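Below is one structure, written out as structure tokens; the observations come after it.
There are 2 protein chains.
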Amino acid sequence: MNNAPEALGIVPPPGSRSTLAVRPITLTMRGPPGAGSDEAGNTKASRLVDRLREAILSGELTPGSKINLEIVRRQFDVSLSPLREALARLIALGLVELQDNRGYSVAPVSLSNLAEITRLRVEFESLALSAAIAAGDLKWESEVMRALHQMNGIARDPADPATLRAWEHAHRDFHMILLAGCAMPLLLNFCLMLHNLNDRYRRVFLIARGGDRNVAAEHSEIAQGAVARDSEYACASLRAHILRTGANLRTRLSDQLQP
Amino acid sequence: MNNAPEALGIVPPPGSRSTLAVRPITLTMRGPPGAGSDEAGNTKASRLVDRLREAILSGELTPGSKINLEIVRRQFDVSLSPLREALARLIALGLVELQDNRGYSVAPVSLSNLAEITRLRVEFESLALSAAIAAGDLKWESEVMRALHQMNGIARDPADPATLRAWEHAHRDFHMILLAGCAMPLLLNFCLMLHNLNDRYRRVFLIARGGDRNVAAEHSEIAQGAVARDSEYACASLRAHILRTGANLRTRLSDQLQP
DNA sequence: GTCTCACAAATAATCGATTATATGTCAAGT
DNA sequence: ACTTGACATATAATCGATTATTTGTGAGAC
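So the sequences go chain by chain: A and B. FYI, the numbering for the first sequence is 1 to 259, going by our numbering. FYI, the numbering for the second sequence is 1 to 259, going by our numbering.
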């Protein structure tokens, strides 16, 4: 036991004397902080992760369906190696599942799954937001306001999917930047995952009717509470926002499940 | 947009008419419920996941170090494909990180990381335990008692690593079974991940001195509170247990960081 | 009719070799 | 001496082909 590390194919990090190293590497997230891990991505596998995530979140890949590697491989014009690697990485995002020797499948949707996502979002995002309000600095406040403005500046046109995607992107950015001040990378990752899963329900089951006027107001409310450092108010607004969306989705989903 | 699903290489789940399917597939976890995803694993990639996880949790793979694919490949006598896939899956467990074109590295350790793990465990496990107590049935109670007995029946002999591993395994099982009644698979997964990360700190930095007599008592306390359906008591005990371990680890870790 | 087994087709998993990218080294220039 | 750039080496990423496993199908037994 406990051989020299080199014997196991690992290279001690630079500047570490023997056992330990404390490095500031971003966990799982690439690119600048606050970016929803959307950056271009240099490798095929990374680009595949982005494309497949989008395909799943948009509903293009049916929830619960099996993923035929050969067909996807041809579709995206890649080899199996990066495809399998990308799918394996999507497990971390909660978007695909794997059964040994039976391949990958798109994460299914269900009422109970939606309920859990909503409940956990309430808990996790409240925790993150209150921590962010306690720890965040002026730069964070500014970022929140920027993201809010950016999102509210995008008009969602149901006829133009590009605007929908752009808004979804800005929306996720807003929520993640709001929480990013909490200085808890693991928690942020969990929140991002839940957000992704929630987005799928919204995009697949909530045919974006343009007149979501109150949503913009809700977001503003949350942001104002945050920059005013009013943790109670901000968290209550955020909770209400999440629960409202959740209830809305639950109705739509149960409609579509027993038609 | 929104082509026929078949065009994108996906196969609609059996029994689904057109868009939806609600299946009971276990998320990310293989094997019977309560098993810490430790089952043999049929594919090389799955076996690699288990072996690499053990290597990381035991500290055999130095925290923060880069992983040289060629060396590991030879070490474990596999090809690159399953190795990369296994590493990609370990991202989901929080044990490795990836930087495009710079390869994989073992997740680093730090005081702030430990602090976050401890804090999130307190939050998440309290939530899960109270939900489990509210929702769990007699079968769940019995499982908890079984896991408790199993764990307390294993004597940890510092001279024999096999006993240490066996206890770690039983310990993780106990904690996960305790929470398993909560019927929130996503939350359970988060708890499992945090538990894994915490285990590494304990195994690497806490040279198991055998006389951890109070730990057994703490576990019994939690279990008794759980089966007695005393949510307050059980959660308080669990919280105290987590915080005690966390404080203990913090001391050891900061000692080793500045020797 | 239905159950079981054997076989065939489909698909998942893996391998060995190749290509692309990053890292280290050294010479030329300032 | 220090920087810059070109080259060589090391390593990560990808490919095309092969192997292993599962799934579908049909013949035969009961």
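Glycine included, each C-beta is placed from N, C-alpha and C at the ideal position. It should be emphasised that the depicted structure is a prediction, and the values quoted were computed from it without experimental measurement.
Query                                                                                                                                                                                                     : Result
Please report the straight-line C-alpha distance between Ala-223 (chain A) and Gln-224 (chain B), rounded to a whole angstrom.                                                                            : 44 Å
Using a Cβ-Cβ cut-off of 7 Å (strictly less than) and excluding sequence neighbours within five positions of Cys-235 (chain A), which residues of its own chain qualify?                                  : Ser-126, Leu-129 and Ser-130
Please work out which residues of its chain come closer than 6 Å, Cβ to Cβ, to Val-109 (chain A), disregarding the five sequence neighbours upstream and downstream, and give them in chain order.        : Pro-63
Any chance you could list the alpha helix (DSSP H) runs of at least 4 consecutive residues sitting entirely within the region 80–139 of chain B, in chain order?                                          : 80–92 and 111–135
Once the 5 residues before and after Leu-187 (chain A) are set aside, which same chain residues still bring their CB inside 6 Å of it?                                                                    : Ala-128
I want to see whether chain A comes within less than 8 Å of Asp-77 (chain B), judged by CB atoms only; does it?                                                                                           : no
In whole angstroms, what separates the C-alpha of Asn-198 (chain A) from that of Asp-157 (chain B)?                                                                                                       : 47 Å
When the distance is taken between beta carbons, is Arg-73 (chain A) closer than 8 Å to Leu-83 (chain A)?                                                                                                 : yes
With a 10 Å radius around its C-beta and 16 neighbouring C-beta atoms as the bar for buried, classify Val-89 (chain B) as buried or exposed.                                                              : One detail in the question is off: residue 89 (chain B) reads as Arg in this sequence, not Val. It is buried - the Cβ of Arg-89 (chain B) has at least 16 other Cβ atoms within 10 Å.
Using a cut-off of 8 Å between C-beta atoms, extract the partners of Leu-114 (chain A) located in chain B.                                                                                                : Neighbours of Leu-114 (chain A) on chain B: none; closest Cβ ~11 Å, over 8 Å.
Show which residues of chain A have a CB atom less than 7 Å away from the CB atom of Ala-88 (chain B).                                                                                                    : Glu-85, Ala-88 and Arg-89
Using a C-beta to C-beta distance shorter than 9 Å, which residues of chain B count as neighbours of Ser-254 (chain A)?                                                                                   : Per Cβ cutoff of 9 Å: no residues; Ser-254 (chain A) is ~11 Å from chain B at best.
Measuring alpha carbon to alpha carbon, tell me which residue in A:Ala-159, A:Met-145 and A:Asp-173 is nearest Asn-196 (chain A).                                                                         : A:Asp-173
Residues of chain A with CB under 7 Å from Asn-42 (chain B), in chain order?                                                                                                                              : Asp-100 and Asn-101
How about the region 94–104 of chain B and the region 51–71 of chain B: do they share at least three Cβ pairs that are nearer than 8 Å?                                                                   : yes
Determine whether the Cβ of Asn-248 (chain B) lies closer than 8 Å to any Cβ atom of chain A.                                                                                                             : no
Hey, is the region 109–119 of chain B in contact with the region 134–150 of chain B, meaning 3+ C-beta pairs nearer than 8 Å?                                                                             : no
DSSP beta-bridge partners for Lys-44 (chain A)?                                                                                                                                                           : Answer is none; Lys-44 (chain A) lacks a bridge partner.
Sorted by chain position, which residues of the same chain lie with C-beta nearer than 8 Å to Gly-59 (chain A)'s C-beta, five sequence neighbours on each side aside?                                     : Arg-200, Arg-203 and Val-204
Apply the 10 Å Cβ neighbour rule to Thr-251 (chain B) and answer buried if 16 or more other Cβ atoms are within range, or exposed otherwise.                                                              : exposed
Measuring only between beta-carbons, confirm whether Leu-206 (chain B) sits less than 8 Å from chain A.                                                                                                   : no
In terms of residue numbering, what span does the alpha helix (DSSP H) encompassing Val-78 (chain B) cover?                                                                                               : Taken as a continuous stretch (DSSP letters only), Val-78 (chain B) belongs to no alpha helix (DSSP H), as it is neither H nor E.
Taking a Cβ distance cut-off of 7 Å, strictly less, list which residues of the region 119–150 of chain B are near chain A, in chain order.                                                                : Leu-120, Glu-123 and Leu-127
Is Arg-121 (chain B) near Leu-178 (chain B), with beta carbons less than 8 Å apart?                                                                                                                       : no
Under the rule that 16 or more other beta-carbon atoms within 10 Å means buried, what is Arg-229 (chain B), buried or exposed?                                                                            : exposed
Excluding the five sequence neighbours on either side, which residues of its own chain have a C-beta within less than 8 Å of the C-beta of Ala-115 (chain B), listed in chain order?                      : Gly-246 and Arg-250
Which first and last residues belong to the alpha helix (DSSP H) in which Ser-237 (chain B) is found?                                                                                                     : 231–257
Quick one: residues in its chain with C-beta nearer than 6 Å to the C-beta of Ala-45 (chain A), no 5 flanking neighbours on either side, listed in chain order?                                           : Pro-82, Glu-85 and Ala-86
Quick one: Cα of Leu-253 (chain A) to Cα of His-171 (chain A), how far?                                                                                                                                   : 21 Å
Count the other CB atoms, across all protein chains shown, that sit within 10 Å of the CB of Ala-147 (chain B); report buried if there are 16 or more and exposed otherwise.                              : buried
With 8 Å as the threshold, decide whether the Cβ of Ser-231 (chain A) is near any Cβ in chain B.                                                                                                          : no
Leaving out the 5 sequence neighbours to the left and right, which residues in its chain are closer than 6 Å to Ala-132 (chain B) when beta-carbon positions are compared?                                : Leu-179, Gly-181 and Cys-182
Looking at Asp-100 (chain A) and Thr-43 (chain B), is the spacing between their C-beta atoms short of 8 Å?                                                                                                : yes
In chain A, which residues lie with their C-beta within 9 Å of the C-beta of Ser-81 (chain B)?                                                                                                            : Leu-80, Ser-81, Arg-84 and Glu-85
Starting from the C-beta of Glu-218 (chain A), find all residues in its chain whose C-beta is less than 8 Å away, skip the five residues before and the five after it, and write them out in chain order. : Ser-237, Ala-240, His-241 and Arg-244
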